[in-house]
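Q:
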Amino acid sequence: MVAGSSRFTINKTSSSLDITDISSAMRRSVVCMNLAQDSHSNCVLFRRGRLTPSSVNMNGCTRDMKWIPAVGSLISEPISLVFIFSICKVNQNKTLFHKFQKYLSTVLPHQQKAVLINQETVAEDTATSPVVDLDFTDHKQAFKEKSLWEIVRALTVFRVCSNRTFVSRSAEIFERTQRILGKRLSSALVKPLFYDQFVGGVTIADVRYNIDKLAKSNSGTFVLMVMEAIDKVEEANGNAKNIIKMMDGITEKKTPYGSYMQIRISAMFTSHLLKSLSLLPDEAREKVIYSSAEYMRTHSPDTLRWLAETPGASGIIPELLSGLILLGEVGQKAVATDTVLMVDAEYTNTNPALTALAMALSLVCNKSKAIVWNTTQCYLKKSFEDLQWEFNFAEKNNLHYGAKLVRGAYMVAEENEAKSQGHPCPVHDGIQATHNSYNSTANWLLQKIRDNSNQGRQIRFVLASHNQDSIKQAVERMRSYGIPSEDRKVILAQVYGMCDHITYTLGQKGYPVYKSVAVGTISESLPYLSRRSHENSSLIANSRQERQLLNSELKYRIMG
Numbered sequence: 001m002v003a004g005s006s007r008f009t010i011n012k013t014s015s016s017l018d019i020t021d022i023s024s025a026m027r028r029s030v031v032c033m034n035l036a037q038d039s040h041s042n043c044v045l046f047r048r049g050r051l052t053p054s055s056v057n058m059n060g061c062t063r064d065m066k067w068i069p070a071v072g073s074l075i076s077e078p079i080s081l082v083f084i085f086s087i088c089k090v091n092q093n094k095t096l097f098h099k100f101q102k103y104l105s106t107v108l109p110h111q112q113k114a115v116l117i118n119q120e121t122v123a124e125d126t127a128t129s130p131v132v133d134l135d136f137t138d139h140k141q142a143f144k145e146k147s148l149w150e151i152v153r154a155l156t157v158f159r160v161c162s163n164r165t166f167v168s169r170s171a172e173i174f175e176r177t178q179r180i181l182g183k184r185l186s187s188a189l190v191k192p193l194f195y196d197q198f199v200g201g202v203t204i205a206d207v208r209y210n211i212d213k214l215a216k217s218n219s220g221t222f223v224l225m226v227m228e229a230i231d232k233v234e235e236a237n238g239n240a241k242n243i244i245k246m247m248d249g250i251t252e253k254k255t256p257y258g259s260y261m262q263i264r265i266s267a268m269f270t271s272h273l274l275k276s277l278s279l280l281p282d283e284a285r286e287k288v289i290y291s292s293a294e295y296m297r298t299h300s301p302d303t304l305r306w307l308a309e310t311p312g313a314s315g316i317i318p319e320l321l322s323g324l325i326l327l328g329e330v331g332q333k334a335v336a337t338d339t340v341l342m343v344d345a346e347y348t349n350t351n352p353a354l355t356a357l358a359m360a361l362s363l364v365c366n367k368s369k370a371i372v373w374n375t376t377q378c379y380l381k382k383s384f385e386d387l388q389w390e391f392n393f394a395e396k397n398n399l400h401y402g403a404k405l406v407r408g409a410y411m412v413a414e415e416n417e418a419k420s421q422g423h424p425c426p427v428h429d430g431i432q433a434t435h436n437s438y439n440s441t442a443n444w445l446l447q448k449i450r451d452n453s454n455q456g457r458q459i460r461f462v463l464a465s466h467n468q469d470s471i472k473q474a475v476e477r478m479r480s481y482g483i484p485s486e487d488r489k490v491i492l493a494q495v496y497g498m499c500d501h502i503t504y505t506l507g508q509k510g511y512p513v514y515k516s517v518a519v520g521t522i523s524e525s526l527p528y529l530s531r532r533s534h535e536n537s538s539l540i541a542n543s544r545q546e547r548q549l550l551n552s553e554l555k556y557r558i559m560g
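Take the sequence shown: its position 482, counted from the start at 1, is 482 in UniProt numbering, and no numbers get skipped.
1) Around the Cβ of LYS253, are there at least 16 other Cβ atoms within 10 angstroms (buried) or fewer (exposed)?
2) What are the start and end residues of each continuous beta strand (DSSP E) run of 3 or more residues lying completely inside the stretch 392–470, in chain order?
3) Note the first and the last residue of the continuous alpha helix (DSSP H) segment covering LEU326.
4) Could you name the residues of the same chain whose beta carbon sits closer than 7 Å to that of VAL412, not counting the 5 residues immediately before and after it, in chain order?
5) Go to GLY220, then tell me how far its beta strand (DSSP E) extends in each direction, as first and last residue.
6) So what does DSSP say about LEU380, is it helix, strand or coil?
7) Taking just the CA atoms, how far does GLY456 sit from ASP133?
8) Could you give the distance in angstroms between the alpha-carbon of GLY497 and the alpha-carbon of ALA464?
9) If you compare alpha carbons, which of ALA356, MET359, ARG407 and VAL190 is closest to LYS381?
10) Taking the C-alpha atoms as reference points, what is the distance between LEU116 and ASN551?
11) Can you look up ARG544 in the DSSP assignment and give me helix, strand or coil?
12) Among THR375, GLU415 and LEU273, which has the Cα closest to the Cα of ALA345?
13) Beta carbon of GLY331, beta carbon of LEU361: below 8 Å?
14) Ignore the nearest five residues each way along the sequence and tell me which others in ASN366's own chain have a CB closer than 6 Å to its CB.
15) If we ignore side chains and look at the alpha-carbon of each, how far apart do ILE250 and LYS419 end up?
16) For the ligand NAD, is there any heavy atom lying closer than 7 Å to the beta carbon of ARG544?
17) Which two residues bound the contiguous beta strand (DSSP E) that contains SER516?
18) So is ASN239 buried or exposed if we call it buried at 16+ other beta carbons inside 10 Å?
19) My guess is that ARG547 and LEU155 are in contact by the Cβ rule of under 8 Å, so how many angstroms apart are they, rounded?
20) If GLY446 and ARG477 are in contact, beta carbons under 8 Å, what's the gap, nearest whole angstrom?
21) Does DSSP put ASN374 in a helix, in a strand, or in coil?
22) With burial defined as no fewer than 16 other Cβ atoms inside 10 Å of the residue's Cβ, what is the status of PRO484: buried or exposed?
23) What's the C-alpha gap between TRP389 and ALA336?
24) Can you give me the start and stop residues for the beta strand (DSSP E) that TYR260 sits inside?
25) Between ILE230 and ILE243, is the Cβ-Cβ spacing less than 8 Å?
26) What are the boundary residues of the alpha helix (DSSP H) that ALA188 is part of?
27) Does DSSP put ALA313 in a helix, in a strand, or in coil?
28) Taking all protein chains shown into account, do 16 or more other C-beta atoms lie within 10 angstroms of the C-beta of ILE558, making it buried, or fewer, making it exposed?
29) Are the beta-carbon atoms belonging to THR505 and ALA188 less than 8 Å from one another?
30) Below 8 Å on the Cβ atoms is my contact criterion, and I expect LEU277 with ALA353 to pass it. Report the Cβ-Cβ distance as a whole number of Å.
31) Over the uninterrupted alpha helix (DSSP H) stretch that includes VAL202, give me the two end residues.
32) Considering only their Cβ atoms, is the gap separating TYR260 from VAL223 smaller than 8 Å?
33) Do the CB positions of LEU405 and ALA442 come within less than 8 Å of each other?
34) When you compare only the Cα positions, how much space is there between HIS139 and GLU235?
35) Between which two residues does the alpha helix (DSSP H) holding residue 574 run?
36) On a CA-only basis, which of ASN392, ASN349 and GLN458 is nearest PRO426? Give me that one, please.
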């Protein structure tokens, strides 16, 4: 073969493509596990079957491609087609590009079932959706800011995440991949797909890039620094400093969407302390709220001296004091930079402590506006009762109020824990009960906003949901209650890398919508990615719409 030449052979009978040279698009790297990477199209998985490259020549070295592994069977036919399509386009070979486009026009019509992946019948939410002007089915509008590679990547990741075996063992797979291949190769495998799909980068510059990119789609950003719960007090200081540094970075340049961060209090207090604090009687824990707020203001240890006489609490006082100093510094920076802090909820055995510390911080920060927002997990049976208590606490102390509503991400762990301890399960008995809990809680808060319209006290909340019915119901009630969307008293939000057709449609319609963008290194993000895989599997299992829209957009991009 002559160096620099390109030859493209189409065999319509066998529907195969013979590529003898793919030029610079493939020369940079080929990772086993059938990953081909280049600076333009990043990384795509092949599929054994209709598209069978017989050989690829890289720098004069011919590699037999018959070893394409079984994992490739998880990927749909269109992705294999786009792999070849990307090679043609990257090399700017118009002749090959048009030949391949013509080839696609003969192949894709016969692959309609492949284009519409997984046509399984899905049980939909039985609640009647209100009539609103939200059409989440226009793929051209929803994905117009997405590159071809981003479409392909999303399809690839969602297809893999729909495999239950992969999802259930995702943490183990990520760990073994890193151990066997080493950090460098495992990063080359994970980064272009799962990491880039669900994580927004590592540095402040990465975050700024995503903030600006989302703003072009009329969407704001919630910055979520990927941090796990700590077991050693020494880890707390570094986590708090990183949160403060990130706040400085994201507020350096103001945007019309404001500054928001999601924080884990468990990254500044050990699990042991949080569990111990959660076991205190309600009266003692409420007293901890006021004493902790006073300590964050004055740093006087006398404010918590009474805790030494409380059974089970005396041993946690030194760590509590040091953690409160860090939490207070985070709160001060949030007030100074006008950054909303959304405190994540976690497991029921630590949530009472997380709520107490969030309420203490709100006593310090929420006097002039709603800076600290606590999270309510509506899949818990006590969620509405707890939210009402928090709302009344804010009202009693003349505080501005903020909340984030989620359905919840720890259902399996909660059910297993309750079973092992012989306790009643704290989670609602079925998905419909969770839907009802979520929607009724949202409506209760909307009514509070309506009734508070002329009283000057801020009441705001985030409707963090991928459920279209919940979103439409909330939007319809906002209209009926006379709550203008431009006031941003109600914010809609989805996770970065998921349900883009919902986020971008809402943004284009002028609704206040945000993406929760995780930030962290690959090794830091692996537990987060594992959780996203679990959540994404559940989402895909119950909704085929996003993949259908992505496939339609892919076909539109290729064939016009």
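Heads up, the beta-carbon is just placed ideally off N, CA and C, and yes, glycines get one too.
Since the model is a prediction, treat every value here as computed from it, not as a measurement.
A: Taking the definition as stated:
1) Exposed is the call here.
2) Qualifying beta strand (DSSP E) stretches, in chain order: 401–406 and 459–464.
3) Segment 317–337, the alpha helix (DSSP H) holding LEU326.
4) The answer is none, since no qualifying residue turns up.
5) 220–225 is the extent of the beta strand (DSSP E) around GLY220.
6) In this structure, LEU380 counts as strand in the three-state DSSP scheme.
7) Straight through space, the alpha carbons of GLY456 and ASP133 are spaced by roughly 31 Å.
8) The straight-line gap from Cα to Cα measures roughly 14 Å.
9) Of ALA356, MET359, ARG407 and VAL190, the smallest CA-CA separation from LYS381 is found for ARG407.
10) Residue placement at LEU116 is flagged as unreliable, the pLDDT there being 30, under the threshold of 50; a coordinate-derived value is accordingly withheld.
11) Looking at ARG544 - three-state DSSP - the assignment turns out to be coil, as it is neither helix nor strand.
12) For the residues THR375, GLU415 and LEU273, the minimum Cα distance to ALA345 belongs to THR375.
13) Result yes, Cβ atoms of GLY331 and LEU361 sit closer than 8 Å.
14) Cβ within range, chain order: VAL372, LEU399 and HIS400.
15) When rounded, the separation of the alpha-carbon atoms in ILE250 and LYS419 is 43 Å.
16) You won't find the ligand NAD in this model; it holds no ligand whatsoever.
17) Note, SER516: beta strand (DSSP E), 513–519.
18) Classification for ASN239: buried.
19) Indeed, because the Cβ distance is near 7 Å, the residues count as touching under 8 Å.
20) Note on residue identity: the sequence assigns Leu, not Gly, to residue 446. The pair is a contact, with the Cβ atoms about 5 Å apart (cut-off 8 Å).
21) The answer is strand: DSSP assigns ASN374 an E or B state.
22) Exposed, since its Cβ has fewer than 16 Cβ neighbours within 10 Å.
23) Their Cα atoms are separated by approximately 28 Å.
24) Looking at the DSSP string, the run of the beta strand (DSSP E) that includes TYR260 is 259–263.
25) Annotated as distal: ILE230 and ILE243, with beta-carbon spacing of 8 Å or more.
26) For ALA188, the uninterrupted alpha helix (DSSP H) segment begins and ends at 170–190.
27) ALA313 falls in the coil class under three-state DSSP.
28) Buried is the call here.
29) No, these two residues do not count as a Cβ contact at 8 Å.
30) That belief holds up - the Cβ atoms of LEU277 and ALA353 are roughly 4 Å apart, short of 8 Å.
31) From DSSP, VAL202 is part of no alpha helix (DSSP H); its letter is neither H nor E.
32) Taking a C-beta distance under 8 Å as the contact criterion, VAL223 and TYR260 qualify as a contact pair.
33) At the C-beta level, LEU405 and ALA442 come within 8 Å of one another.
34) Between HIS139 and GLU235, the C-alpha separation is close to 45 Å.
35) Outside the shown range of the chain (1 to 560) lies residue 574, about which nothing can therefore be said.
36) Measuring from the Cα of PRO426, the nearest candidate turns out to be ASN349.
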